[in-house]
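> As numbered in this note's numbering, the sequence shown has no gaps in its residue numbers, which increase by one up to the final residue, 551.
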Amino acid sequence: DTTLRDSAIDAVEGVALAIVLVVAMLALLGEVDSSTPLAVIVGKSVYEVLPVCVGIGVANSILREQSDDDTSGTDTGDGDDAVGDVEPAPTPLNATVADLGASLIGAVFVALSIAPTDEVPMLTASRSPLWLLAIMAASLLFAYAIVFVAGFSGQSRRHAQMGLLHHPLIETLASYVLALLSSLAMLWLFQRADAPWRVTLAHVIVLGLPAAIGGAAGRLAI
Numbered sequence: 330d331t332t333l334r335d336s337a338i339d340a341v342e343g344v345a346l347a348i349v350l351v352v353a354m355l356a357l358l359g360e361v362d363s364s365t366p367l368a369v370i371v372g373k374s375v376y377e378v379l380p381v382c383v384g385i386g387v388a389n390s391i392l393r394e395q396s397d398d399d400t401s402g403t404d405t406g407d408g409d410d411a412v413g414d415v416e417p418a419p420t421p422l423n424a425t426v427a428d429l430g431a432s433l434i435g436a437v438f439v440a441l442s443i444a445p446t447d448e449v450p451m452l453t454a455s456r457s458p459l460w461l462l463a464i465m466a467a468s469l470l471f472a473y474a475i476v477f478v479a480g481f482s483g484q485s486r487r488h489a490q491m492g493l494l495h496h497p498l499i500e501t502l503a504s505y506v507l508a509l510l511s512s513l514a515m516l517w518l519f520q521r522a523d524a525p526w527r528v529t530l531a532h533v534i535v536l537g538l539p540a541a542i543g544g545a546a547g548r549l550a551i
C-alpha cells in the first residue's frame with residue numbers, strides 16, 4: 330500500500346538523516362570541526378553514509394512491520410471487520426522487486442564491512458580458476474540452503490512466493506548475480522577495483538561468498 334512517491338520521500342529523508350548523523354558523529358569524535366574544509370568533510374562522510382542509510386531502512390522496515398502487527402492484532406469485537414481488513418496479496422512484480430531489494434540490501438550490508446580489508450586480496454593470491462569455480466558453487470549452495478533447505482523462519486513463505494523469480498533455482502541465481510554486482514560496487518567504492526580485470530574478478534568472486542549469504546538472510550527477513 331506504499332506508493333512510489335512515498336518510497337522516494339522516505340528515501341530522501343533517510344539519506345538526509347544519515348548525512349546529519351554521520352557529520353554529527355564525526356564532529357563528536359573530533360574528526361571534523363569548523364576549520365575542516367568542506368571537501369574533506371564530504372570525503373570522510375560519503376563512506377559512512379551508506380551503512381547508516383541501510384541501518385535506517387532496516388530499522389524503518391522493522392518498526393513499520395511491528396506497527397502493522399500491533400494494528401492487525403487489535404480486537405475490534407467484530408469478526409467481519411477482521412475479514413474485511415485482510416491486506417491484498419502483493420502482485421508478482423512487487424514481490425519480485427521486494428525480493429531483489431532485500432537481497433541487495435543484505436549483500437551490501439555484509440560486503441561493506443569486508444571490502445575495505447586486506448583479507449580478500451590475501452585469499453585470492455595465487456589461486457587457481459578451479460578454486461574460484463568452487464567458491465562460486467559454494468556461494469550458490471549456501472544461498473540456496475539458507476533460504477530453502479535449512480528450515481529457518483520464513484522458509485515456507487519463500488517456497489510459496491509468487492514473484493516473477495518464484496522458482497528456487499532462478500531466485501538463487503538472480504540473487505547471486507546481485508551479490509556479485511554488490512561486491513564489485515563495494516570494491517570500486519573503496520578503490521580496490523583498479524587491478525587487472527582477472528584479479529578484480531577473483532576478488533569479486535571471493536567477496537561474493539559472504540555477500541550471497543547476506544543476500545539470503547535479507548530475503549528471509551522480508
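Glycine is no exception: its CB is placed at the ideal position from the N, C-alpha and C atoms.
Once DSSP output is grouped into helix, strand and coil, what is the label at Leu498?
Note: Leu498 maps to helix in three-state DSSP.
> Between which residues of its own chain and Ser432 is the CB-CB distance below 7 Å, once the five residues before and five after are set aside?
Counting only Cβ-Cβ distances below 7 Å, and skipping sequence neighbours, we find Ser504, Leu507, Gly544, Gly547, Arg548.
> The alpha helix (DSSP H) spanning Pro296 covers which residue range?
The question about residue 296 has no answer, for the chain in this structure spans 330 to 551.
> List the endpoints of the continuous alpha helix (DSSP H) containing Glu448.
Glu448 -> alpha helix (DSSP H) spans 448–453.
> Excluding five sequence neighbours on each side, which residues of the same chain lie with their C-beta closer than 6 Å to the C-beta of Val361?
Result list for Val361: Leu355, Ile370, in chain order.
> List, from N- to C-terminal side, the alpha helix (DSSP H) runs of 4 residues or more that fit wholly inside the region 352–383.
Taking only runs of at least 4 residues, no alpha helix (DSSP H) segment lies wholly in the region 352–383.
> Please state if the CB of Phe471 and the CB of Ala541 are separated by a distance shorter than 8 Å.
Contact flag set, yes.
> Just to check my reading of the structure: Ala531 and Thr453 have Cβ atoms closer than 8 Å, yes? What is that Cβ distance to the nearest angstrom?
Sure, about 4 Å apart at Cβ, within 8 Å.
> Do the CB positions of Ala474 and Leu536 come within less than 8 Å of each other?
Going by C-beta atoms, Ala474 is not nearer than 8 Å to Leu536.
> What does the Cβ neighbour count give for Ala620, buried or exposed, with the cut at 16 atoms within 10 Å?
This structure cannot speak to residue 620, because the chain is shown only from 330 to 551.
> When you compare only the Cα positions, how much space is there between Arg456 and Lys373?
When rounded, the distance between both Cα atoms is 34 Å.
> Just to confirm the assignment, what range does the alpha helix (DSSP H) spanning Arg527 have?
Residues 526–550.
> Around the Cβ of Phe519, are there at least 16 other Cβ atoms within 10 angstroms (buried) or fewer (exposed)?
Exposed: under 16 other Cβ atoms inside 10 Å.
> How many whole angstroms separate the CB atoms of Leu441 and Leu350, which I take to be in contact at a CB cut-off of 8 Å?
Incorrect: roughly 16 Å between the Cβ atoms, too far for contact.
> Do you know offhand how far Ala550's Cα is from Leu469's?
Using only the alpha carbons, I get a separation of about 19 Å.
> Taking a contact to mean a Cβ-Cβ separation below 8 Å, would you say Gly435 touches Gly386 in this structure?
In this structure, Gly386 does not lie closer than 8 Å to Gly435 by Cβ.
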